[in-house]
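Asker:
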Amino acid sequence: MSAPATRDERIPVSGEENVVITLAAEGTPAEKAIRRVGRFGKLKELSLGFLIDQVLATHEELRARGKEEQYAAEDETIRQVERLRSAGWCVLLNDSAVDATRLDRLTITDFVREISDRSAKYGVAVRIREVPAEETSPPAAVAEPQPAIEAAVAAESAVAAEPETTVRPEDTVGAEAAAPASRAVEAPAAAEETHQKKEYLSKHDLLTGEYRQAVDELNLNGLFVGNLSSEERMDPRVFPFLHQKEVSKLLMRANRLLQDGSCDKALELYGLLAEGEPENADYRLLQGRALLFAGEYEKGVAVLREAEALGEPTAGSIARRIQSFKSLTGSYPATTEGLRNLMGELRPRE
Amino acid sequence: MRVIAFANQKGGVGKTTSCVNLSICLSQSGRRVLLVDMDPQANATVYLGMNSGERTYTSRFLLDSPHFDLERAIVRTEFGIDVIPSDRKLLESNKTLLPEYGRETRLRDKLENYAEGFSPREYDYVMVDCAPSLDLVTINALMAATDLVVPVQPRFFALKGLEELASMVGELYRTLNPRVKVMGIIITMFDKTAALDKSILELLKGKVEREFGSYIFPSVIYKSVLVSESEKRLPVVLHDPEAPASKAYQEIAAEIMRR
Chain Z
1 MSAPATRDER IPVSGEENVV ITLAAEGTPA EKAIRRVGRF GKLKELSLGF
51 LIDQVLATHE ELRARGKEEQ YAAEDETIRQ VERLRSAGWC VLLNDSAVDA
101 TRLDRLTITD FVREISDRSA KYGVAVRIRE VPAEETSPPA AVAEPQPAIE
151 AAVAAESAVA AEPETTVRPE DTVGAEAAAP ASRAVEAPAA AEETHQKKEY
201 LSKHDLLTGE YRQAVDELNL NGLFVGNLSS EERMDPRVFP FLHQKEVSKL
251 LMRANRLLQD GSCDKALELY GLLAEGEPEN ADYRLLQGRA LLFAGEYEKG
301 VAVLREAEAL GEPTAGSIAR RIQSFKSLTG SYPATTEGLR NLMGELRPRE
Chain S
1 MRVIAFANQK GGVGKTTSCV NLSICLSQSG RRVLLVDMDP QANATVYLGM
51 NSGERTYTSR FLLDSPHFDL ERAIVRTEFG IDVIPSDRKL LESNKTLLPE
101 YGRETRLRDK LENYAEGFSP REYDYVMVDC APSLDLVTIN ALMAATDLVV
151 PVQPRFFALK GLEELASMVG ELYRTLNPRV KVMGIIITMF DKTAALDKSI
201 LELLKGKVER EFGSYIFPSV IYKSVLVSES EKRLPVVLHD PEAPASKAYQ
251 EIAAEIMRR
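If you're matching them up, the sequences are chains Z and S in order. Residue numbers for the first sequence follow my numbering, beginning at 1 and rising by one. Residue numbers for the second sequence follow my numbering, beginning at 1 and rising by one.
#1: Between F351/Z and chain S, is any beta-carbon pair separated by less than 7 Å?
#2: Less than 7 Å between the beta carbons of R2/S and Y125/S, yes or no?
#3: Specify whether the stretch 199 to 207 of chain S and the stretch 165 to 174 of chain S touch according to this definition: at least 3 beta carbon pairs, one from each stretch, less than 8 Å apart.
#4: Would E163/S pass as a contact of L207/Z if the rule is Cβ separation under 7 Å?
#5: Which residues of the stretch 127 to 141 of chain S have a Cβ closer than 9 Å to any Cβ of chain Z? Give them in chain order.
#6: How would you write the range of the beta strand (DSSP E) that V36/S sits in, first residue to last?
#7: Run through DSSP, which three-state label would I261/S get?
#8: CB A307/Z to CB R321/Z, shorter than 7 Å?
#9: Starting from R212/Z, find everything on chain S with Cβ-Cβ shorter than 8 Å and list it in chain order.
#10: Kindly list the residues whose CB is nearer than 6 Å to the CB of R108/S, restricted to its own chain and excluding five residues on each side of it in sequence; keep chain order.
#11: Determine the DSSP secondary structure at D87/S, reduced to helix, strand or coil.
#12: Using alpha carbons as the reference points, say which of E92/S, E112/S, N177/S and L196/S lies closest to Q342/S.
#13: Examine chain S for any beta-carbon lying closer than 7 Å to the beta-carbon of N227/Z, and answer yes or no.
#14: Please report whether the beta-carbon of G222/Z lies at a distance below 7 Å from any beta-carbon of chain S.
#15: Mind pulling the chain Z residues with CB within less than 8 Å of N94/S?
#16: Is the beta carbon of K247/S sitting closer than 7 Å to the one on P151/S?
#17: Closest by CA to M168/S, which one among D135/S, I185/S and T193/S?
#18: Quick one: what does DSSP say K192/S is sitting in, helix, strand or coil?
#19: Less than 7 Å between the C-beta atoms of K110/S and L70/S, yes or no?
#20: For L148/S, report the span of its beta strand (DSSP E) as first-last.
#21: Suppose you measure from the CA of A274/Z to the CA of D205/Z; what does that come to, to the nearest Å?
#22: I'd like to know whether the C-beta of G170/S is nearer than 7 Å to at least one C-beta of chain Z.
#23: Does DSSP classify I81/S as helix, strand or coil?
#24: Is the shortest distance between the beta-carbon of F239/Z and the beta-carbons of chain S less than 7 Å?
#25: Counting contacts by CB-CB distance shorter than 7 Å, is V301/Z in contact with chain S?
#26: State the DSSP-derived secondary structure class of K181/S, mapped to helix, strand or coil.
#27: Does D39/S pass the burial test, meaning 16 or more other C-beta atoms within 10 Å, or should it be called exposed?
#28: How is R155/S classed by DSSP in three states: helix, strand or coil?
#29: Drop a sphere of 10 angstroms on the beta-carbon of K249/Z, count the other beta-carbons inside from all chains shown, and report buried for 16 or more, exposed for fewer.
#30: With a Cβ-Cβ cutoff of 7 Å, do G161/S and K10/S count as a contact?
#31: Within the 7 Å Cβ cut-off, does L196/S reach chain Z?
#32: Might you give, ordered along the chain, the residues of its own chain that have their beta carbon closer than 7 Å to the beta carbon of V13/S, omitting 5 neighbours on each side?
#33: Could you tell me which of D37/S, L165/S and N113/S sits nearest to T58/S, measuring between CA atoms?
#34: Would you list the residues sitting across from V3/S in a DSSP beta bridge?
#35: To the nearest angstrom, report how far apart A281/Z and L310/Z are at their CA atoms.
#36: Measure the Cβ-Cβ separation of C19/S and D129/S and say whether it is below 7 Å.
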C-alpha cells in the first residue's frame, strides 16, 4: 500500500465549488435520505469512475453551454443530475469501491486522488462531503446488498432530506481523511478540452447494469459442445454433455499420450475426466497413475487415496507401495528400483 | 455439402426470414442451395411463393418413408434456390417416427444418400429451417446438420430461450453425439432506438466472446417494417437489395461462406 497523499498536496482549495459529491455509509440515515430522494434505477453495477465522470462532465457541459435550462430539458438524466447539484446534493457513491463502511484513509485518499484527476480534466471544482458510518449501522459485509443508488431528485425532497446528512468531518474515518473532507477544492481550469467528451448516465448504462448478472448467469455451454470438444484443449464445462463415445475417445487419447511419454498432456486429459466425473474412482486412479509418471509422487499418492476412498482398492495398494518405498529410503528419487518396477506394472498397455 | 440448421426454441425470432434470405444471398453468390422446410407452420414454403399443402411431396416424406427419394420432393423456385416444402402434416411425423429404428437420423441419411448417389444437382449448402420446438423433427434437422445458426432477438426472454436451446442441444450431444457445430448467432430484429436491445447485445456479445469465441455475427438485422412487409411479397434481399436488412444478410452470407 502506498503512502496516502493528503488532499492539500493534490487539490488546490477555493471558496467555491460547483459539484458536490457526498459519501454516505450503507444503512446510515444519510444513505437512506439520499435513497429516498432518488429515483434512478440500479447503479451498483456502475463504476465509481463512471459516476464521477458523469457528474463532472454533465456539470461542465451545462456550464460551458451557458444554457442550462434548454440543455437540461433535452435529457432527463442531465436534468436530474442538475437538480441534484442545485439542491446542494450530489450522488451517493455506494459502489463497492467506496463502500463507506469500509472506508479507511487510503481509500478516501485514493478516492480524492481520483476526483482530483478527473476534476482537473473537466476543469470543475469539487467539494467532497463525507457522512461517516454510524456505529449502529450494520456492517457492509453482513448487510444485504442494497438495490442501488438511486440518484436524481426532486429538489424539495432533497431539502427535506438535508438534515439527515450532516457533514461531520471530525467524525470521519481517520484524521487525515477527515481534515479535508469539508474543504472546497478546485481543479486547474482546462475547460477547452472538456467539450470533446459528453458522458452522462444513460438508460443504456442503467439497463446494462440491470441485466448484466442475468446474462452472465446464462448457461450456454451445451450449445458449444461440438465446438469445444473438437479443440486440442477441451473445456471442462463440456464434459457433462459428452457422449460416451467421445469420453472413450478421450480416455484412449490420454492412454496413448501416457504410453508415448507425454505425461503432461495425458495428465491434462485425465484431470478433465476426473473433474468431469468427480465420483468416478477409475478416473481418479488413472489421474493418480499419470501423476506418478509425471514425477509428482506426493500429489499422485493423494489422488490415489481419493480413488481408494471412492471404492477403488487397487489405488490404495499402489499408494501404500509408493509410501513404503519412501519410508524405506527416505525420498522418492532414492526408491528407483522398486519404483521402476512398480511403474512398469502400471504402464498402460496397447 | 454443408447442412446449416436454423434453430431456436423461441418462436418469432427470425429463423425463417434469416434462412430464406440467407439462402437467396448464397444463391446470388453462385452457390447451389437447397432449403429444407422442417417447420410444420411452413412459413418458408409460403415465403417462397408456394401454398402450404399444395405439394404432394413434402419434407414429411423424408422422415416417414425410409425409401423415399429426396429428389422427388425438391421444387425449383424462381429465386434461384431449390426447396423441399413443408406442410402441417409434418407434425404427425413426430408420432409416426416414434417406434421407428434410426428415427433421429432419417433426414441425415436421406441427405447423405442424395449426396453420395447419382445426383442431378449437387448442393453447396442445405439450409434447414427448424420449428420452434425440440421434437423429433427438429432433432432430425440437428442430427443432419453440420452447422447450426441461431437467430436471437436481443430480448431477455429470447435469451432464456437460447439457454433452453443450449441445454437441449447439450443433451443431444450427450445422447446422440451429433456432428453439428455452432456456426454463429445472428442478432435479429435489433431496434437501434431501444436502449434495452443495445444493452443486451453488448452483454451477450461480451459473454459469448469471453467464454466461447467470436460466434456472434458482426452484422445485425435491424428491426424494419420492410422485412415484415416483405413476408407477403418478396424476400427482403430481393425486394430491396439496398435496405439495411438486405445488406446485413448479404454480409452474413459472406461470413457463412468464409466460416
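Built from N, CA and C at the ideal position, the CB exists for glycine as well. What you are looking at is a predicted structure, and each value in this text was computed from that prediction instead of being measured.
Answerer: Short version:
#1: There is simply no residue 351/Z to check, as chain Z begins at 1 and stops at 350 in what is shown.
#2: Yes; because the gap between Cβ atoms is below 7 Å, this pair is in contact.
#3: Touching, no, given that fewer than three Cβ pairs across the two stretches are closer than 8 Å.
#4: L207/Z is positioned such that its CB atom lies no closer than 7 Å to that of E163/S.
#5: Cβ contacts with chain Z: none found.
#6: V33 to M38 is the span of the beta strand (DSSP E), which, as asked, contains V36/S.
#7: Here chain S covers residues 1 to 259 and nothing more, so residue 261/S does not appear.
#8: Cβ atoms of A307/Z and R321/Z: not closer than 7 Å.
#9: Those are L203, listed as they occur along chain S.
#10: Here the set comprises M143 and A144.
#11: In the three-state reduction of the DSSP assignment, D87/S falls in the coil class, being assigned neither a helical nor a strand state.
#12: With chain S covering only 1 through 259, there is no way to say anything about residue 342/S.
#13: Yes, because at least one Cβ of chain S sits closer than 7 Å to the Cβ of N227/Z.
#14: With 7 Å as the cut-off, G222/Z counts as an interface residue toward chain S.
#15: Within chain Z, no residue comes near N94/S; the closest Cβ sits about 22 Å away, beyond 8 Å.
#16: Going by C-beta atoms, K247/S is not nearer than 7 Å to P151/S.
#17: From the listed residues D135/S, I185/S and T193/S, the smallest Cα separation to M168/S is found for D135/S.
#18: Coil.
#19: One thing to note: K110/S has its Cβ within 7 Å of the Cβ of L70/S.
#20: In this chain, the beta strand (DSSP E) harbouring L148/S covers D147 to V152.
#21: Using only the alpha carbons, I get a separation of about 42 Å.
#22: Closer than 7 Å: yes.
#23: In this structure, I81/S counts as coil in the three-state DSSP scheme.
#24: By this cut-off, F239/Z is not an interface position.
#25: Chain S places no beta carbon closer than 7 Å to that of V301/Z, leaving this residue out of the contacts.
#26: K181/S: strand per DSSP, three-state reduction.
#27: Buried, by the Cβ-count rule.
#28: Judged by DSSP in its simplified three-state form, R155/S adopts coil rather than helix or strand.
#29: Around the C-beta of K249/Z, fewer than 16 other C-beta atoms lie within 10 Å, and the residue is accordingly described as exposed.
#30: A contact, by the Cβ cut-off of 7 Å.
#31: Under the 7 Å criterion on CB atoms, L196/S is classed as interfacial with respect to chain Z.
#32: These residues qualify, in order along the chain: P151, V152, Q153, A158 and T188.
#33: The shortest C-alpha separation from T58/S is found at D37/S.
#34: Answer is V126/S, bridged to V3/S.
#35: Roughly 5 Å between the two C-alpha positions.
#36: Between C19/S and D129/S, the C-beta gap is smaller than 7 Å, which places the two residues in contact.
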